[in-house]
Each structure stands twice: as C-alpha cells, then as structure tokens.
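Q: The structure follows.
Protein chains: 4
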Amino acid sequence: MSPAPNPELRNATSHQAILDATFELAVSKGYGKLTIEAIAAKAGVGKQTIYRWWPSKGAIALEAINDQIGSATDFPDTGDIAADLKTQVTALSRMFAGDVGCVYRGVIAEAQHDPKLMQNVRDTFVEPRQTNATRRLETAIRAGQIRDDLSPLVMTNLIYGPVYLRFLLGVGDVLDAPNLVDHVLDGLRPRT
Amino acid sequence: MSPAPNPELRNATSHQAILDATFELAVSKGYGKLTIEAIAAKAGVGKQTIYRWWPSKGAIALEAINDQIGSATDFPDTGDIAADLKTQVTALSRMFAGDVGCVYRGVIAEAQHDPKLMQNVRDTFVEPRQTNATRRLETAIRAGQIRDDLSPLVMTNLIYGPVYLRFLLGVGDVLDAPNLVDHVLDGLRPRT
Amino acid sequence: MSPAPNPELRNATSHQAILDATFELAVSKGYGKLTIEAIAAKAGVGKQTIYRWWPSKGAIALEAINDQIGSATDFPDTGDIAADLKTQVTALSRMFAGDVGCVYRGVIAEAQHDPKLMQNVRDTFVEPRQTNATRRLETAIRAGQIRDDLSPLVMTNLIYGPVYLRFLLGVGDVLDAPNLVDHVLDGLRPRT
Amino acid sequence: MSPAPNPELRNATSHQAILDATFELAVSKGYGKLTIEAIAAKAGVGKQTIYRWWPSKGAIALEAINDQIGSATDFPDTGDIAADLKTQVTALSRMFAGDVGCVYRGVIAEAQHDPKLMQNVRDTFVEPRQTNATRRLETAIRAGQIRDDLSPLVMTNLIYGPVYLRFLLGVGDVLDAPNLVDHVLDGLRPRT
DNA sequence: AAGTAACCGAGACGGTACGTCTCGTCTTGCG
DNA sequence: CGCAAGACGAGACGTACCGTCTCGGTTACTT
C-alpha cells in the first residue's frame with residue numbers, strides 16, 4: 001500500500017523547518033488559518049514531504065509544540081506537595097496563556113474529530129505530565145501529606161480539570177487557575 | 193456593514209428545518225464533515241438563507257443543540273446537595289456521551305478559534321447551568337451543608353472541571369465523572 | 385397562468401424611473417454589470433414591478449434606448465441620395481460611438497441568446513430605420529440616381545453591413561464608417 | 577499578479593477535454609447556459625484547471641471554435657475572384673448557420689463587454705480570414721479583375737459587413753449572404 | 001566511477017466547500 | 001390591486017486548500 005518511507009533518509013533540516021514554520025504560522029495567523037500549503041511555502045518544502053511524514057496538520061502542530069516547550073512544565077519535588085503542585089500548575093497556566101497555548105488549543109480542537117490525534121495528544125502531552133503528577137502525589141501520600149484512600153489518577157483529574165476548563169472554555173482567567181489548587185487539596189487532606 | 197435583515201420577516205419553517213438538518217447531519221456524518229452546503233441541501237433551503245441569519249457553522253450547531261436538549265440537564269433541589277449535584281452531573285455526562293455530546297464537542301472545537309462563538313457557548317450553554325448550580329450551592333451553604341468561605345462560582349469550576357476534562361480530552365470515561373463529585377464535595381465540607 | 389396585470393393601472397412615474405435608471409447604470413457601470421436589483425434600487429422601485437412589465441433586462445434596455453434617442457437618426461431627404469445616406473449613416477455612427485452605443489451593444493449581445501429580444505430589436509430599432517432607408521432609396525431609384533434592378537432591401541444590407549461590422553467587431557473605427565457609403569454607392573449606380 | 581503557471585507542465589489531455597466539453601455543451605444547451613462548472617464536470621476536470629489557463633468562458637469557447645473548424649473556411653484561388661469570393665463566403669455562411677455559428681454568436685456577444693476577448697476574436701478568427709481575403713484581392717487587383725484605387729481592407733469590410741449583419745442581427749437569411757457578393761463586386765469593378 | 005534508488009522542491013491535477021452574487025418568485029403590509 | 005421592500009430557493013461564480021500525482025534534480029548507497 002503506502003511505500004513506507006525510510007526514516008533514516010529523512011532530511012533533518014526540512015523536518016525542523018516544517019516544525020518551525022508550523023509553530024510560527026499557527027501563532028501569527030491563528031491555528032484556524034493554518035494550511036499545509038502555507039507551511040510548505042514558509043518552510044521552503046514540497047507538500048509531499050509533509051504528507052510523507054505526518055498524517056495531519058494537528059500531528060505537525062503537536063510535534064511543533066512538544067519541540068518548543070522542552071522542560072518548561074516539569075514537576076518539582078521540594079517535599080511540600082502544595083507548593084510543588086502550585087508551581088507546576090502555574091507553569092502550565094502560563095504556557096496555556098502564551099503562544100504555545102494558542103497552538104495547543106487548536107490541536108485539541110482538531111483532535112475532537114480525529115481520535116488518533118487525540119490519542120497522540122494524550123500520549124505525548126497529557127500522560128507524561130499526569131504520570132509525573134501521579135508519582136509526586138504517591139510520594140506525598142507516603143509522606144502522609146494527603147489522603148491514601150483515593151487513586152492518584154483521580155486526584156490529577158480533580159486538579160487539572162479546572163485548569164483545562166478555564167483554558168478551553170475561557171471560564172474565568174487561566175492565570176488564576178493555580179489558586180484553585182489549594183481548594184482541591186483541601187479535599188485531598190488526610191481523613192481524620 | 194451588513195444590511196441587517198429584518199427578523200420579523202424570518203421564515204420560521206426554514207429556521208427549524210436548518211436546525212434539524214444541522215443536528216442530524218452533525219450526528220450522522222460527524223461534526224467535522226458538516227458543511228453549510230449539505231445543511232442547505234438537506235433543509236431544502238438556499239445557502240444565503242443560512243448566511244443571512246447565522247455567522248458560522250458553529251453558531252447553527254450551538255442553536256441546534258440548545259433547541260434539542262430542552263430541560264434534560266435541569267438542576268433538581270431535593271434538599272440533599274450531594275444527591276442533587278450527582279443527579280445533574282450524571283445527566284450532563286450522559287448527554288456528553290450521546291448524540292448531543294458529539295455535536296457539542298465540535299462546537300467547542302470550532303469555538304477555539306472563534307471568540308464570538310466561544311462567548312456564545314458560554315452565554316447560552318455554560319452559564320445558565322453554572323448559574324443554576326451556583327444558586328443551588330448557595331442554598332446548601334445557607335443550610336450549612338457546605339462551607340461558606342468559598343465562592344460558589346469557584347466551586348462550580350471544581351465540580352465541572354473534571355467533567356469537561358474527561359469529555360474534551362477523553363481522559364477516563366465521561367460516564368464515570370459523577371463519581372468524582374463525591375471527592376470534590378469532600379473538599380467543600382464545612383470547615384470544622 | 386400569469387395574472388396578466390392591467391396596463392391601465394401602471395404607474396407612469398415608476399416606468400420612466402426604471403428606464404432612466406437602466407440607461408444611466410448601463411452607461412456608468414457597463415451593460416455587463418447591469419442587474420435588475422441595481423435598477424430597482426436606483427429607481428426606488430420593487431423588483432416585482434420590473435418583472436411584472438418586462439420579460440428581461442435586454443427588453444428594458446432596448447426600451448430605454450428608444451426612449452432616449454428620439455429622432456436623432458432620422459432620415460433626411462434633400463434630393464441628393466449620396467448626401468442623405470451619408471448624413472444618416474454619420475448620425476448612426478456617432479450614436480454607436482456614444483453612450484447609446486454602449487447600451488445598444490449590450491442589448492444586441494443579450495439578443496444573441498434570446499430570440500424574442502432579437503425580434504424586438506429588429507422590430508423597434510432596425511426595421512424602422514431600414515424602412516426609412518428603403519423608402520428613400522425608392523425615391524432615388526425613381527429619380528434615376530441609382531440602379532433599378534436591385535431590391536432596396538438588399539441595398540440597405542450592403543450599406544449598413546459595414547457599419548454594424550465596425551460597431552460590433554471593432555474592425556476599424558465606427559466613425560469612419562460613413563466613408564464606406566461612397567464605395568457602396570459606386571456599386572449601386574445605374575447600369576450603363 | 578497571477579503566479580503565471582508553467583505552460584510546459586500543462587496536461588494536454590485535460591486541455592483537449594475542456595475544449596471538447598465546451599463546444600458540445602455550448603451547442604447542446606446553448607451558449608447562454610454554458611457554465612464553467614458544467615464544462616469542468618463534463619470534461620472531468622477541476623475548475624481550477626480551467627481558471628489556470630483561460631481568463632474567461634468566452635476565451636475557451638473561442639479556442640474551442642478554432643480547434644473545431646480547422647481549414648473549413650480557407651480561401652481558394654482559382655483565378656476567378658468572383659467565384660473564389662463566393663466560395664469562401666458560402667463556406668463561412670454555412671459555418672455561421674451551423675453549430676459553430678451558435679457558439680461563435682455567443683463568443684461575440686460576450687466580447688461586447690470584454691475588450692480583451694474581442695481583441696482575441698479579431699486576432700484569431702477575423703484577421704486571419706481578412707488577411708487571406710486581402711491577399712486574394714491584391715492578386716485580383718494585379719490581374720485587373722477589380723479596381724485598384726481602393727484599399728483591399730476596405731473591400732473586405734464591404735464584403736463581410738453584410739454577412740455579419742445577417743449573422744448577428746438575423747436580418748434576412750445568412751445562407752443568402754453569398755448572393756450579396758455579386759452586388760458588392762459590381763462596385764469593385766475596375767473604373768472605366 | 002557509474003548506476004540506482006530514495007527523498008527532495010515544485011507545482012499541476014481532480015476535487016470539495018467556501019462565502020458572495022444575482023436570478024426570478026413569493027410574502028407582507030401600506031395606500 | 002399595484003406597489004416598495006426584501007426574504008426566499010436555486011445555483012454559478014471565482015478562490016482556497018485538500019491530498020495525489022508527476023516532474024527533474026540531488027544525495028547516498030550500491031557494485
């Protein structure tokens with residue numbers, strides 16, 4: 001069926017040029033007006049080169065985001081779970097409020113009718129952060145800082161839910177989201 | 193700017209036919225493959241009639257949703273805040289998991305690069321439910337069922353955040369979302 | 385079938401306003417960009433009023449032309465057939481080169497795929513002039529100024545053919561057309 | 577301005593299919609109901625491929641005509657100018673009365689409000705025939721068959737004027753046009 | 001060193017849908 | 001009932017992108 005291109009022969013310069021062009025165009029024109037043709041033109045690349053290596057616009061944008069952010073939203077561990085959570089959520093909210101957020105918003109939008117992209121988003125963006133959070137929460141549980149009768153995975157839902165709500169629905173200000181963390185933690189305190 | 197059509201001369205039959213065609217097509221073909229042309233054809237309507245009254249595909253779909261759901265996600269008041277919240281969140285989750293959810297998902301996607309549509313979503317869908325929730329929570333606060341040192345609006349963020357997270361990111365199962373309510377309420381119990 | 389409107393109830397003011405608007409728009413915007421909607425708007429008239437009384441855009445324009453030109457291309461009779469022909473052809477060429485020509489050109493264009501309009505053009509514009517020419521030529525034949533073994537109708541074809549050729553195909557200059565009359569008359573001199 | 581497509585990359589099959597579809601549709605439905613969309617559909621071609629290579633519907637139709645007629649209206653030279661002229665005008669009249677005439681009529685109509693198309697008509701259709709006629713007339717002049725004090729170009733106007741008059745205004749029958757040639761030639765006989 | 005196979009830039013292609021325009025009909029309310 | 005106003009169903013317009021498809025040119029591995 002598909003000729004299955006050989007990844008070893010892939011042109012690294014074009015690869016990076018496509019990611020850069022995608023990110024820049026998504027930010028400047030808005031994700032909604034991002035087109036494969038524009039990316040190809042800006043990157044100085046043939047369209048086929050894009051279609052050869054990516055299945056969709058969203059996949060490029062997602063890779064461009066991950067290429068862009070690096071370790072900006074890593075999870076700290078100072079021993080104080082409340083402070084660490086707040087630090088991480090603050091970093092995430094700042095990112096959501098910035099250029100990366102614009103692009104990420106578009107990727108999530110596209111993923112609503114592209115299950116593979118959605119899976120890709122979860123695999124490369126959401127889960128790594130959730131895993132880090134889960135690990136940190138387990139440490140806190142062992143330290144007795146938070147209750148032990150609740151799955152850490154559920155806890156991450158309670159924590160990140162409001163952040164995404166503000167990000168994706170524009171309910172309230174994303175930058176205020178970190179303040180919600182305290183209230184969530186109230187519910188996660190050890191049972192007396 | 194636009195010649196501003198006279199709403200009194202609007203053809204009610206066409207209006208409804210457009211909403212019905214939109215909803216049906218969005219469900220059967222998927223929101224991503226919904227086109228104005230298909231809506232017009234299915235509704236037996238000229239394209240201009242659509243463009244005359246709606247600014248975008250998303251606006252039609254949003255109106256179609258609101259036209260469709262009626263009072264399915266109303267807020268009950270049995271006196272038991274926990275039960276009432278769970279009832280409402282359950283109804284909402286069921287809706288998200290059904291046909292309306294498919295369409296709503298597409299609307300929110302489109303709203304990511306259309307601020308007016310996003311505002312419209314908040315005004316006609318999110319806020320009415322949030323207001324009802326807020327009102328119910330205030331009753332519960334006065335009844336001493338939940339803490340009084342937290343804005344009800346913030347509370348709704350904590351409650352609905354995880355629901356939307358599951359709905360829009362596919363994290364976990366939307367139908368499990370109601371179970372999260374208990375844990376959120378834990379954090380909202382009156383301070384001792 | 386058609387309700388057959390009563391011509392006696394026709395609004396004379398609207399009638400004239402439509403003709404004037406049509407002529408002015410055809411001249412200023414060009415016949416090709418003339419629309420019924422623009423005519424109605426400019427004339428301050430409902431579209432239905434136009435459709436009620438005219439079968440097509442070309443019919444309005446033709447009537448507008450005939451309303452406009454009056455007796456500008458009447459046929460003189462000084463006794464000198466050569467001079468008279470030249471006078472008339474000169475007047476016609478001048479008209480073709482002016483505003484009326486622009487509109488007439490468009491009417492003839494439209495008449496190419498509208499046989500009724502074409503018949504209308506011949507009946508109200510071409511034939512009256514041809515009849516006048518025929519009559520004048522008959523006088524000249526009787527006066528022995530031109531040959532008598534050729535139908536006057538054929539003669540008018542020989543005379544006006546080159547004029548229309550220049551007008552409709554832009555071959556040479558329309559305003560030079562009168563000079564061709566002399567050469568045509570050469571062929572129409574009495575047989576020796 | 578336009579990105580100026582590279583003619584070397586042009587697809588010859590599509591090119592011919594478009595000309596064929598245009599001619600056939602113009603004849604069967606009538607030039608007035610000819611649409612770019614129908615041409616594209618019938619030719620099995622994207623609309624953009626048409627817009628890429630032709631500036632207007634009329635330009636396609638003109639090319640289709642020229643592609644169609646080949647040498648059908650070539651000018652003979654038997655030594656007898658009267659016979660040769662009649663032969664050619666007869667061929668032209670027959671063409672005007674047939675399918676090509678239907679299309680050509682529409683092209684001329686469109687050219688009335690499209691100066692570039694009109695120029696194109698003259699350049700590719702009218703002038704080649706006029707040039708041939710001019711050349712043949714010059715031979716006849718040198719042979720003393722017709723007068724030498726009149727520009728051959730003016731002569732062609734006198735000859736073809738009546739033909740086009742009958743063709744474009746429907747005055748008389750186009751197929752009778754050849755009979756007019758004799759009378760025109762009367763006026764072109766050498767001055768005695 | 002020549003041959004060859006893959007990727008590359010470029011861009012034409014068959015399509016689909018866009019949002020606009022104009023058509024000719026239909027509806028409403030005024031005079 | 002004629003009229004001004006204008007909404008309506010219909011459908012073509014010319015544009016923008018889609019994803020596929022040749023084209024030569026270049027590069028990197030064979031042999």
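Protein chains in written order, with this note's numbering: chain F, 1 to 192; chain W, 193 to 384; chain Z, 385 to 576; chain U, 577 to 768. The beta-carbon is built from N, C-alpha and C at its ideal position, and this holds for glycine as well.
(1) Short of 7 Å in beta carbon distance, which residues of its chain neighbour residue 369 of chain W, apart from the five on each side in sequence? Order them along the chain.
(2) Out of U/598, U/721, U/733, U/711, point me to the one whose CA is closest to residue 774 of chain U's CA.
(3) By alpha-carbon positions, which one of F/75, F/116, F/64, F/85 ends up nearest to residue 101 of chain F?
(4) Under 7 Å, CB to CB, which of the residues in the region 592 to 610 of chain U have a partner in chain Z?
(5) Give me the Cα-Cα distance between residue 350 of chain W and residue 141 of chain F, rounded to the nearest whole angstrom.
(6) Strictly below 9 Å CB to CB, what residues from chain U border residue 502 of chain Z?
(7) Output, in chain order, the set of chain U residues within a Cβ distance shorter than 8 Å of residue 541 of chain Z.
(8) Measuring alpha carbon to alpha carbon, tell me which residue in W/382, W/360, W/196 is nearest residue 298 of chain W.
(9) Which residues bound the alpha helix (DSSP H) around residue 131 of chain F?
(10) Is the shortest distance between the beta-carbon of residue 291 of chain W and the beta-carbons of chain F less than 8 Å?
(11) Can you tell me the Cβ-Cβ gap for residue 613 of chain U and residue 605 of chain U, rounded? I've got them flagged as a contact below 8 Å.
(12) For the candidate residues W/211, W/263, W/197, W/279, whose alpha-carbon lies nearest to that of residue 244 of chain W?
(13) Among U/751, U/693, U/653, U/632, which one has its Cα closest to the Cα of residue 786 of chain U?
(14) For residue 530 of chain Z, which residues of its own chain have a beta-carbon under 8 Å away from its beta-carbon, when the five flanking residues on both sides are left out?
(15) Do you know whose CA, among U/688, U/748, U/757, lies nearest residue 736 of chain U's CA?
(16) Are the CB atoms of residue 95 of chain F and residue 131 of chain F nearer to each other than 8 Å?
(17) With a threshold of 8 Å between beta carbons, is residue 378 of chain W in contact with chain F?
(18) Mapping the DSSP letters down to three states, classify residue 385 of chain Z as helix, strand or coil.
(19) My output table needs one value for residue 166 of chain F: the three-state DSSP class, helix, strand or coil.
(20) Go ahead and pull the three-state DSSP assignment for residue 309 of chain W.
(21) Note down the Cα distance separating residue 617 of chain U from residue 610 of chain U, rounded to an integer number of angstroms.
(22) Just to confirm the assignment, what range does the alpha helix (DSSP H) spanning residue 370 of chain W have?
(23) Expressed to the nearest angstrom, what Euclidean distance is found between the alpha-carbon atoms of residue 653 of chain U and residue 620 of chain U?
(24) So residue 608 of chain U and residue 567 of chain Z are supposed to be a Cβ contact under 8 Å. How far apart are they, rounded?
(25) Between residue 411 of chain Z and the rest of its own chain, which residues show a CB-CB distance below 7 Å, the 5 nearest in sequence each way excluded?
(26) For residue 684 of chain U and residue 395 of chain Z, what's the separation of their Cα atoms in angstroms?
(27) Name the two residues that bound the continuous alpha helix (DSSP H) containing residue 629 of chain U.
(28) Could you tell me if residue 79 of chain F is buried or exposed, where buried requires 16 or more neighbouring beta carbons within 10 angstroms of its beta carbon?
(29) Measure from the C-beta of residue 58 of chain F to each C-beta in chain W and report whether the shortest distance is under 8 Å.
(30) Give me the Cα-Cα distance between residue 711 of chain U and residue 724 of chain U, rounded to the nearest whole angstrom.
(31) From residue 250 of chain W to residue 342 of chain W, what distance separates their C-alpha atoms?
(32) Output the distance between the C-alpha atoms of residue 119 of chain F and residue 211 of chain W, rounded to the nearest integer angstrom.
(33) Which chain U residues sit within Cβ distance under 7 Å of residue 489 of chain Z?
(34) Can you tell which of W/335, W/320, W/345 has the C-alpha that lies nearest to the C-alpha of residue 263 of chain W?
(35) By the criterion of Cβ-Cβ separation under 8 Å, what are the contact partners of residue 475 of chain Z in chain U?
A: If we stick to the structure as given:
(1) For residue 369 of chain W, where only same-chain residues beyond five positions count, the Cβ hits under 7 Å are 281, 285, 354, 355, 358.
(2) Because chain U spans 577 through 768 in this model, residue 774 of chain U falls outside it and cannot be assessed.
(3) For the residues F/75, F/116, F/64, F/85, the minimum Cα distance to residue 101 of chain F belongs to F/64.
(4) Correct list: 606, 607, 608.
(5) Separation of residue 350 of chain W and residue 141 of chain F (C-alpha to C-alpha, rounded to the nearest whole angstrom) is 21 Å.
(6) For residue 502 of chain Z, the neighbours in chain U by C-beta distance under 9 Å run, in chain order, 745, 746.
(7) 738, 741, 742, 747, 748, 756, listed in chain order.
(8) The residue among W/382, W/360, W/196 with its C-alpha nearest the C-alpha of residue 298 of chain W is W/360.
(9) Looking at the DSSP string, the run of the alpha helix (DSSP H) that includes residue 131 of chain F is 127 to 142.
(10) No, residue 291 of chain W does not count as interfacial toward chain F.
(11) No, residue 613 of chain U and residue 605 of chain U are not in contact; Cβ-Cβ is about 12 Å, not under 8 Å.
(12) Comparing Cα-Cα distances from residue 244 of chain W to each of W/211, W/263, W/197, W/279, the minimum goes to W/197.
(13) Because chain U is modelled from 577 through 768, residue 786 of chain U falls outside the range shown and cannot be assessed.
(14) Excluding its 5 nearest sequence neighbours in each direction, residue 530 of chain Z has C-beta neighbours in its own chain below 8 Å: 465, 521, 524, 539, 569, 572, 573, 574, listed in chain order.
(15) Per the Cα distances, U/757.
(16) Not closer than 8 Å, so no.
(17) By the rule that beta-carbons nearer than 8 Å mark a contact, residue 378 of chain W touches chain F.
(18) Residue placement at residue 385 of chain Z cannot be trusted, given a pLDDT of 42 that sits under 50; the coordinates are not used to answer.
(19) Note: residue 166 of chain F maps to helix in three-state DSSP.
(20) DSSP places residue 309 of chain W in the helix class (H, G or I) of the three-state scheme.
(21) Whole-angstrom Cα-Cα distance: 12 Å.
(22) Here the alpha helix (DSSP H) through residue 370 of chain W covers 369 to 380.
(23) Whole-angstrom Cα-Cα distance: 43 Å.
(24) Not a contact, Cβ separation roughly 37 Å.
(25) Cβ neighbours of residue 411 of chain Z beyond the five flanking positions: 483, 486, 487.
(26) Annotation: residue 684 of chain U to residue 395 of chain Z spans about 37 Å, alpha carbon to alpha carbon.
(27) Under the DSSP assignment, residue 629 of chain U falls in the alpha helix (DSSP H) whose first and last residues are 623 to 629.
(28) It is exposed - the Cβ of residue 79 of chain F has fewer than 16 other Cβ atoms within 10 Å.
(29) Using a Cβ-Cβ cut-off of 8 Å, residue 58 of chain F does not count as an interface residue toward chain W, since no Cβ of chain W sits closer than that to its own.
(30) Going by the C-alpha atoms only, they are around 13 Å apart.
(31) If you take the alpha carbons of residue 250 of chain W and residue 342 of chain W, they lie about 35 Å apart.
(32) Their backbone Cα atoms lie some 31 Å apart in a straight line.
(33) Going along chain U in sequence order, the residues near residue 489 of chain Z (Cβ under 7 Å) are 688.
(34) The shortest C-alpha separation from residue 263 of chain W is found at W/320.
(35) Among the residues of chain U, none has a CB under 8 Å from the CB of residue 475 of chain Z; the nearest is roughly 18 Å distant.
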